């Protein structure tokens, strides 16, 4: 009887923590990952939150703007879809996926990009708008777009198929074809004048090669399989009872612990979000749980739900602390070289899983350098932890050097704006994209839409408070439209699915015109 009571108490305790976390449900793909950074890369945060210097694992949200000077960057949208950005470029993330709608809208204002699409979840679900034209992805593939200053936009389809919409209609551009757009007018071209040097193409190939590494065996849930090659490169998998296969990072310093090497950044709706300084830190910081064992060290247990950080917090009068959650949704504790995943009572301040900082250092760029050590932590005495995030007020980034450099990158006089978007409302027929007939354009109603100012763009993925959002499973969130397979000689007619216009896309009266694409 006594054993049964103890077991019941443990079950209730664990259940209470699980239920406490149920209301914090987020749609993982509403937050893009800054996946690669090299050189001068800057982010202008949505919601007037200032500028930040680009860094790997920085979350990007709807309304953020990214600019490069002597640098390159890669954005990961999930589902193995990547946007690669060249030097001297600017992109605006006008729309990111929301619950039930995986639409992505990007404004390319200047420079060059490669778009690698490995999993198109929604027909024409990725839109790229430039000052000269609008482009809609019709199939998985690889696409390059160059905005040539104040002159024109060039599209090169290396793989797949894309629809280009302009002032006089729209046309499908297939593999190996190149298109020039000038103020909404098109012409196919034989010579592709790449804006940047060949090193951008080489870099794109190297990123594809890295992300397509063969993995001997898959250990992750299906929702996370896109991280297999990354985790295989930076760590190893071992079998650990009773959790099955767990991942062990390749770290070579004894002080390493989860949520210690990196920083906290504040975002609307989701609050304090962990930005790991480890290149592999995105997946293991936002999914799964951490445990520790002597002889093995820290290891990560895969789980498929996304969260800004899987930690519980200590709220002191002058200090803030946190510890990673265990498999049992309890703060992990390490005492005398033993890990406790279901520790009960006050949290011990001498646990090696704990990180504590002064309140005014929560936004430090390097938490590991300001965290309390040894006696400084022990003097805090008995501690209690909870899932509630700290109520510390976010302070806008006031780094004058970063702000000055970012402003120079974002506000160059040569940069044009996307003043209107072109939308196709009818099918692109296969006969009209055949190379022998490619001078013909589908006549359709092209609706120009005024582009809103940044202040009208939502800076968060979904409305409501965290307490009012219900958890949506991965399988039910996204409805993938079926598409008939096509060949180079015959393509299936595609219809544009109706979508409700977002608050950032205002329709104006449509006008119907027809024209022919000029053949150079």
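In our numbering, the protein residues as written are 254 to 773. Positions of the beta carbon are idealized from the N, C-alpha and C atoms, including for glycine. Values in this document were obtained by computation on a predicted structure and should not be read as measured data.
{"Item": "Cβ pair residue 610, residue 617 closer than 8 Å", "Value": "yes"}
{"Item": "Proximal residues to residue 557 (C-beta, below 7 Å), its chain only, five neighbours per side dropped", "Value": "474, 476, 477, 540 and 727"}
{"Item": "Identity of the residue in 470, 413, 385 and 422 nearest residue 433 by Cα", "Value": "385"}
{"Item": "Span of the beta strand (DSSP E) around residue 673", "Value": "673-676"}
{"Item": "Inter-stretch contact at 8 Å, needing at least 3 Cβ pairs: the region 330-340 / the region 295-307", "Value": "no"}
{"Item": "Identity of the residue in 452, 451 and 420 nearest residue 439 by Cα", "Value": "420"}
{"Item": "Of the listed residues 353, 350 and 319, nearest to residue 360 (C-alpha basis)", "Value": "319"}
{"Item": "Beta-carbon proximity of residue 362 to residue 345, cut-off 8 Å", "Value": "yes"}
{"Item": "Beta-carbon contacts of residue 735 that lie in its chain and below 6 Å, excluding the five residues immediately before and after", "Value": "Residue confidence for residue 735 is low, a pLDDT of 38 falling below 50, so the modelled location carries little weight; the figure read from the coordinates is stated next. Closer than 6 Å at the Cβ level, and outside the excluded window around residue 735, lies no residue."}
{"Item": "For residue 399: DSSP bridge partner residues", "Value": "365 and 407"}
{"Item": "Residue span of the beta strand (DSSP E) that contains residue 321, given as start and end", "Value": "318-331"}
{"Item": "Beta carbon of residue 488 nearer than 8 Å to that of residue 503", "Value": "yes"}
{"Item": "Boundaries (first-last residue) of the beta strand (DSSP E) holding residue 305", "Value": "304-306"}
{"Item": "Residues that residue 336 bridges to, as DSSP identifies them", "Value": "328 and 368"}
{"Item": "For residue 380: DSSP bridge partner residues", "Value": "358 and 389"}
{"Item": "CB of residue 393 within 8 Å of CB of residue 368, strictly", "Value": "no"}
{"Item": "Per DSSP, cross-strand counterpart(s) of residue 289", "Value": "327"}
{"Item": "Alpha carbon of residue 623 to alpha carbon of residue 495, nearest angstrom", "Value": "36 Å"}
{"Item": "Whole-angstrom C-beta distance between residue 596 and residue 583, which should lie under 8 Å", "Value": "6 Å"}
{"Item": "Counterpart residues of residue 638 in DSSP-defined beta bridges", "Value": "567"}
{"Item": "4 or more residues per run - each alpha helix (DSSP H) lying fully within the region 577-639", "Value": "620-623 and 628-631"}
{"Item": "Range covered by the beta strand (DSSP E) that runs through residue 529", "Value": "524-529"}
{"Item": "Residue 672 burial status per 10 Å Cβ neighbour count (16 or more: buried)", "Value": "exposed"}
{"Item": "Beta-carbon proximity of residue 566 to residue 643, cut-off 8 Å", "Value": "yes"}
{"Item": "Residue 533 vs residue 483 beta-carbon contact at 8 Å", "Value": "yes"}
{"Item": "Beta-carbon proximity check, residue 585 vs residue 519, cutoff 8 Å", "Value": "no"}
{"Item": "CA nearest to the CA of residue 553, picked from 547, 537 and 546", "Value": "537"}
{"Item": "C-alpha gap between residue 468 and residue 347, whole angstroms", "Value": "34 Å"}
{"Item": "Alpha carbon of residue 657 to alpha carbon of residue 499, nearest angstrom", "Value": "44 Å"}
{"Item": "Length of the line joining the Cα atoms of residue 371 and residue 425", "Value": "19 Å"}
{"Item": "Separation of residue 366 from residue 352, as counted between CA atoms", "Value": "27 Å"}
{"Item": "Minimum C-alpha distance to residue 647 - residue among 614, 662 and 562", "Value": "614"}
{"Item": "Paired residues, beta bridge with residue 313 - DSSP", "Value": "285"}
{"Item": "DSSP state of residue 538 mapped onto helix, strand, coil", "Value": "helix"}
{"Item": "For residue 546, the residue or residues it bridges with in DSSP", "Value": "550"}
{"Item": "Length of the line joining the Cα atoms of residue 413 and residue 428", "Value": "6 Å"}
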